Structure formats: C-alpha cells, structure tokens
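Residue numbers (this note's numbering): 26 to 495. Heads up, the beta-carbon is just placed ideally off N, CA and C, and yes, glycines get one too. Bear in mind the structure is a predicted one, so any value in this text is a computation, not a measurement. What follows is a short report on a single structure.
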Amino acid sequence: MGSSGIVFYNTRRKKKEPFRPIEPRRVRLYSCGPTVYGPVHIGNLRSWLFSDLLKRFLISEGFSVTQVINITDVGHLVSDGDEGEDKMELAARRSGESAEEIAARYTELWRQDRAALGCLEPEHNPRASEHIAEQIELGQKLEAGGYLYRIEDGIYFDVSLFPRYTELAGLDLEGQRDVQRIDAVKGKRHPADFAIWKFAEPGVKRLQEWDSPWGRGFPGWHLECSAMAVKYLGEKIDIHTGGIDLASVHHTNEVAQSECGFGVHPWVRHWMHNEFLDFGGEKMSKSKGNVRTLSDLTGRGYDPMAFRYFFLQAHYRQQQNFNAEAMDAADTGYRRLVAVAAELRGVEGPGSEAVQAPFKQRFRAALADDLNAPRAMAVVWDVARSDTLSPADRRDLLLAFDEVLGLDLAHAKPPAQEYESDPRIDGLVAERQAARAGKDFATADRIRDELDAEGIGIVDTPEGPRWRRK
RNA sequence: GGCGGCGUAGCCAAGUGGUAAGGCACGGGCCUGCAAAGCCCUGAUCACCGGUUCGAAUCCGGUCGCCGCCUCCA
C-alpha cells in the first residue's frame with residue numbers, strides 16, 4: 026500500500042496529485058529553514074509545524090523520511106533586489122556580536138521553539154556558512170553550462186536561458202515589469218536575473234566573505250538550498266516545503282539553479298507551500314503589545330503545544346486567523362484533550378483492533394487528502410468523547426493518532442496534576458476546608474474569594490481541595 | 001500594473017452538487033452547601049445579486065469586502 030491514496034497539492038501544477046516518491050519506501054524532504062539574524066515569530070513557526078505534520082504522517086505511512094532543514098546564516102540583504110545592506114551585518118553591528126554569535130543564538134532559539142512545539146529533529150540541519158564550497162561548486166556547474174554572466178557587482182543567472190522559469194509560480198515576467206524596482210542592480214539583463222555570487226565591495230571589510238573563482242565575496246542567497254539539498258538528498262528530491270511567499274522568487278530561483286546545474290527535471294516532484302497566519306490587519310509588534318513570538322505566548326501562560334493544537338485546527342493551505350480569542354479556544358481545547366488522554370493512561374488491558382480500524386481509517390483518510398488536519402481532529406474528538414468505545418480503544422486510538430499529531434498526548438500533564446503547593450496558601454485552603462466541615466460557609470467562601478482576588482483558584486476534587494494560579 | 005487566495009454560526013474552522021464536521025465561547029441541565037473543575041444538551045442555509053441544474057455553501061457570471069505575493073520575508 027504505502028503511497029496508495031495519498032494526494033498532496035502540488036504548487037507547480039496547482040492541483041492535488043497522487044504522491045509518488047522516487048523510491049517506493051523512502052521520502053527525500055527539504056524544508057526551508059530559518060534566517061538566524063533575528064527571532065522567528067509564530068507565523069514563521071507555522072511553516073515548521075506544517076513540515077513536521079507532513080513528516081510525521083509520511084512516517085506513519087511507513088516511509089523512511091530524510092528531512093533537511095537549512096539554517097540560513099549567511100547574508101541576506103536588507104532590501105532591494107540585489108543590493109542593500111546585509112541583514113546579518115546589520116544585526117551584528119547593532120549588537121556588537123560576531124555573525125557567528127548571532128547565528129548561534131538565534132539558531133538555538135529556533136531549535137528550542139521547535140522542540141517546545143514537538144517538532145521532530147530533522148535528519149540534517151546544515152548551515153549555509155558551512156557549505157560555501159558546495160555553493161561555489163554549483164555556481165561553477167552553472168557557469169560551465171553558460172547560464173551565468175558577470176557584471177560589476179557579481180555573477181548573475183540569466184533567467185531567459187531557462188524556459189521553465191515561470192512554471193512553479195505561474196509568473197508573468199512581462200506583466201511584472203511595471204513594478205520592477207527602478208533602483209535594480211545596474212547591468213542585469215532582466216529584472217528577474219538573480220545573483221549567484223556577489224563581490225565584496227572594494228575596501229569594505231565584511232563579516233562574512235569568502236574567496237571564489239570569481240573573486241572575494243559571498244554567495245547569492247538562493248544558492249544555499251540547492252547546494253545543500255543535493256549534498257544531503259541527491260539531485261532529485263520528493264518534496265520541498267516552505268511558506269507560500271517563497272514560491273515566486275526563492276523557490277523559482279532554486280528550481281532554475283538546480284535544474285540547470287544538475288541537469289534534472291523535475292528537480293522537485295512535489296512543491297508544498299503553507300499559507301500565512303492572518304493577524305487581522307493588525308501588525309504584530311512588541312510595541313503594540315501583541316503576541317508575536319512563541320515566548321510571548323508562553324509568557325502569557327499558554328502551553329506551546331496549545332499553539333500546535335491551534336495550527337492543527339486549520340488546513341495548512343488556508344490563511345488562518347490568529348487572535349486572542351482563537352488562541353484561548355485552542356488552549357482550552359488542548360488542555361481538555363490532554364485531560365482525557367491522561368485519564369486513559371491508567372486503563373489496563375488490550376483494545377480491539379477491529380473496533381479501532383474504522384476510526385484509524387477516517388483519521389488516515391483525512392490526512393491522506395492533502396494533510397487535512399482539521400478533519401483528522403474531528404475524528405480525534407469523536408474518539409475522545411465517545412461513549413461507545415471502550416476506554417482501552419480510546420486510549421489506543423488517541424496514542425496512535427498522536428504519533429502524527431505530535432501533541433504529546435502520551436506524556437503531557439493534565440491541568441489536574443498541575444496544582445501547586447505553598448505553605449501560606451495551603452494553610453488558607455486547609456482553613457477553608459475546616460470551615461466547610463463545620464458548615465461555616467461564610468468563612469469558607471470568604472477565604473475562597475480572597476484567594477480568587479490573588480488570582481488563585483480552588484478546585485475541589487474527590488481527593489480534597491487543590492489550587493492553582495489562573 | 002501582474003499573479004494568487006479568501007469571505008460558512010460570537011471566535012477558530014472542515015465541507016467543492018444531494019438538504020452544513022470538529023473545537024472554543026454563550027445559554028440551559030447534571031454535579032456542588034454555593035462555586036470552580038468536569039460531563040450532557042443547545043445554535044448557522046453558508047458576503048450579496050443573477051444564472052446553470054430535479055437539486056448548489058459547493059459550478060458559471062457580476063458586485064462588495066478582506067488578505068498574500070511580485071522586494072529579505074513562513
């Protein structure tokens with residue numbers, strides 16, 4: 026079976042297609058990674074959550090998945106087509122750190138975010154700065170193929186030599202001319218031509234620059250993905266993921282470089298792009314006090330996994346609205362699901378495969394249809410709240426589903442186990458209990474109200490009263 | 001100017017021809033000394049107009065609104 030019935034939307038063809046990997050049981054997956062001269066925000070994180078869901082699903086289908094996620098730690102420019110200030114240089118100048126220090130710091134933050142969100146480790150997590158030689162090598166292949174030309178500030182790829190240039194994103198190069206930058210790099214034959222190698226400006230010492238056959242400088246910023254993909258996955262890959270914004274320029278250029286450089290087509294079988302998070306027109310910024318990063322979220326008391334749950338509630342190819350109410354809803358939903366799962370952990374005995382099969386089928390079918398997570402989540406709740414399934418079956422199903430969902434249902438602590446302990450408050454709670462036992466409800470309620478005013482909620486359980494901060 | 005997406009109950013959202021999944025909130029109920037927590041129940045004809053069809057949220061045309069990309073960007 027394996028690939029049978031799996032369909033994924035392919036950006037290149039603008040429709041769903043049966044998933045067919047190059048090798049029957051193996052998937053070569055490349056996911057565009059973070060730029061590490063600044064923190065990533067929750068919109069960015071949607072991209073890794075998406076590729077992680079994809080990877081988990083493929084694994085659950087029996088595929089051996091090799092995933093590469095690159096770390097872009099080499100100069101992207103601040104603005105403008107092929108000029109402007111280098112973001113890494115800018116960040117370094119602002120903080121007084123070296124490029125390496127900045128890259129290391131933000132790479133670590135990114136990894137922590139991913140870990141908190143339950144994302145599986147990629148098999149390879151290469152850094153662009155450590156693959157300069159590979160990038161130069163690809164540049165040389167392109168040069169040998171006659172695809173490049175040299176102008177004052179660098180070596181450029183001539184897109185007119187690649188007939189399929191507009192294919193991936195359905196571009197209309199002529200139609201775009203009206204908007205092409207008036208301050209584009211002088212000498213470029215076409216506005217869409219892009220840099221393979223940029224020369225270091227004479228007399229300007231950059232933090233990041235290397236020698237190359239074309240002179241000292243640094244690689245064009247699309248080159249790294251092609252160079253690292255071929256190194257770790259080979260000349261053809263099965264799935265390439267990234268945010269939808271990358272399709273029209275970054276990925277389009279990657280295709281041009283790779284197909285011309287490696288002499289392959291299609292370089293990527295399935296292009297999968299996730300849509301953006303929509304913040305309702307409200308720009309997310311710290312100055313506005315809006316939630317922007319995962320740590321902003323956790324700082325407000327949200328479980329990082331609640332954001333993963335939030336992500337799973339919408340299809341990856343739809344813009345998803347993010348706002349406080351929606352995040353609260355996800356947080357509550359996640360906590361309740363965890364509570365159910367935790368209660369089922371204690372259940373003994375085997376479940377019935379025959380009983381579980383239809384549910385697994387529905388769950389699997391939802392994801393096999395272009396990764397329809399919302400539909401899969403509906404099955405999850407059917408199981409979680411079923412009054413016909415046995416506890417053992419519900420336990421088995423939820424754990425099986427979670428292999429794909431990644432919500433940590435096997436271990437996450439339910440709210441009921443998060444109660445705290447503090448001498449003073451424990452004392453007050455005990456005092457209230459004593460009052461209740463003596464039918465002195467006025468005193469009991471007064472104590473409860475006082476604690477409530479402190480943001481402390483009392484929960485009476487069969488095992489006695491517990492409390493937690495709200 | 002070019003390309004693309006979206007508009008389904010208060011909120012997040014599935015659903016692409018046959019009479020609207022799921023989650024959250026609200027309201028009601030159970031439980032509780034009263035609450036909280038938990039559990040149960042409850043709500044929409046699908047932006048608007050016109051068309052195709054036995055039948056449309058789902059296809060076609062138009063209108064209004066929102067968003068993204070074309071420039072580093074998930």
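What's the C-alpha gap between W492 and R400? Their Cα atoms are separated by approximately 36 Å.
On the criterion of 16 or more Cβ atoms from any shown chain inside 10 Å, does L392 qualify as buried, or is it exposed? By the 10 Å Cβ count, L392 comes out buried.
With which residues is R336 paired in a DSSP beta bridge? Looking at the sequence shown, residue 336 is not Arg but Phe. Note: F336 sits in no beta bridge, so no partner.
Ordered along the chain, which non-local residues of its own chain (more than five positions away) have a Cβ less than 7 Å from that of E234? If you ignore the 5 residues before and after E234, its C-beta comes within less than 7 Å of the C-beta of A225, R241, G242 and F243, all in its own chain and listed in chain order.
For K41, is the classification buried or exposed, using 16 other Cβ atoms within 10 angstroms of its Cβ as the cut-off for buried? With fewer than 16 other Cβ atoms within 10 Å, it is exposed.
Is it the case that the segment 162–173 contacts the segment 216–224, given that we only count it when at least three CB pairs across the two stretches are under 8 Å? Between the segment 216–224 and the segment 162–173 there are three or more C-beta pairs closer than 8 Å, enough to call the two in contact.
Among S120, S154, D178 and C285, the one whose alpha carbon lies nearest that of S185: Checking every option, the nearest Cα to that of S185 belongs to C285.
CB P59 to CB T97, shorter than 9 Å? A distance below 9 Å separates the beta carbons of P59 and T97.
Buried or exposed, going by whether 16 or more other CB atoms sit within 10 Å of the CB of E86? E86 sits buried, since 16 or more C-beta atoms from the chains shown fall within 10 Å of its C-beta.
D77: first and last residue of the uninterrupted alpha helix (DSSP H) it sits in: That run of the alpha helix (DSSP H) goes I67 to S85.
Measuring straight from C-alpha to C-alpha, what distance separates A469 and G480? Rounded to the nearest angstrom, the two C-alpha atoms are 17 Å apart.
Ranges of the alpha helix (DSSP H) found wholly within the segment 261–303, counting only runs of at least 4: Uninterrupted alpha helix (DSSP H) stretches at least 4 residues long and entirely within the segment 261–303 occur at 277–287, given in chain order.
Considering only their Cβ atoms, is the gap separating L196 from S273 smaller than 9 Å? Judged by their CB atoms, S273 and L196 are nearer to each other than the 9 Å cut-off.
Spatial neighbours of H290 in its chain, beta-carbon cut-off 6 Å, leaving aside the 5 residues before and after: Closer than 6 Å at the Cβ level, and outside the excluded window around H290, lie E284.
Compute the Euclidean distance between the alpha carbons of H215 and V429, then round it to the nearest angstrom. Spanning the two alpha carbons is a distance of roughly 45 Å.
Short check: CB of F301 to CB of A398, under 9 Å? Judged by their CB atoms, F301 and A398 are not nearer to each other than the 9 Å cut-off.
Reference P439, options D412, R370 and A459, closest by Cα: Nearest C-alpha to P439: R370.
What separation, rounded to the nearest whole angstrom, lies between the Cα atoms of D138 and D433? The alpha-carbon atoms of D138 and D433 are separated by roughly 15 Å.
Three-state secondary structure (DSSP) at F426? When DSSP states are grouped into helix, strand and coil, F426 belongs to the helix group.
Integer-rounded CB distance, given that I472 should sit under 8 Å from E488: With a Cβ gap of about 19 Å, E488 and I472 do not count as contacting.
Flag this pair as yes or no: are the beta carbons of Q160 and P238 separated by less than 9 Å? With respect to the 9 Å criterion, Q160 and P238 are not classified as neighbours on the basis of their beta carbons.
Applying the 10 Å Cβ sphere with the 16-neighbour rule, what's the burial state of R537? Missing from the structure shown is residue 537; the chain here goes from 26 to 495 and no further.
When the Cα of L163 is compared with those of P43, P416 and Q282, which residue comes out closest? Closest by C-alpha distance to L163, out of P43, P416 and Q282, is Q282.
Can you give me the start and stop residues for the alpha helix (DSSP H) that L322 sits inside? L319 to G324 is the span of the alpha helix (DSSP H), which, as asked, contains L322.
Output yes or no for whether 9 Å exceeds the beta carbon distance between G143 and M352. It is not a contact, given that the beta carbons lie outside the stated cut-off.
On the premise that Y62 lies in contact with A116, defined as a C-beta separation below 8 Å, what is that separation, rounded to the nearest angstrom? Indeed they touch by this definition, with Cβ atoms about 4 Å apart.
Is I262 buried or exposed, if buried means 16 or more other CB atoms sit within 10 Å of its CB? Under this definition I262 is a buried residue.
Inspect the beta-carbon positions of S154 and A194 and report whether they are closer than 9 Å. A194 is positioned such that its CB atom lies no closer than 9 Å to that of S154.
Could you check the C-alpha separation between P448 and F466 for me, to the nearest Å? The straight-line gap from Cα to Cα measures roughly 23 Å.
Using the Cα positions of L258 and V280, report the straight-line distance between them to the nearest angstrom. Looking at the backbone, the Cα of L258 and that of V280 are separated by about 15 Å.
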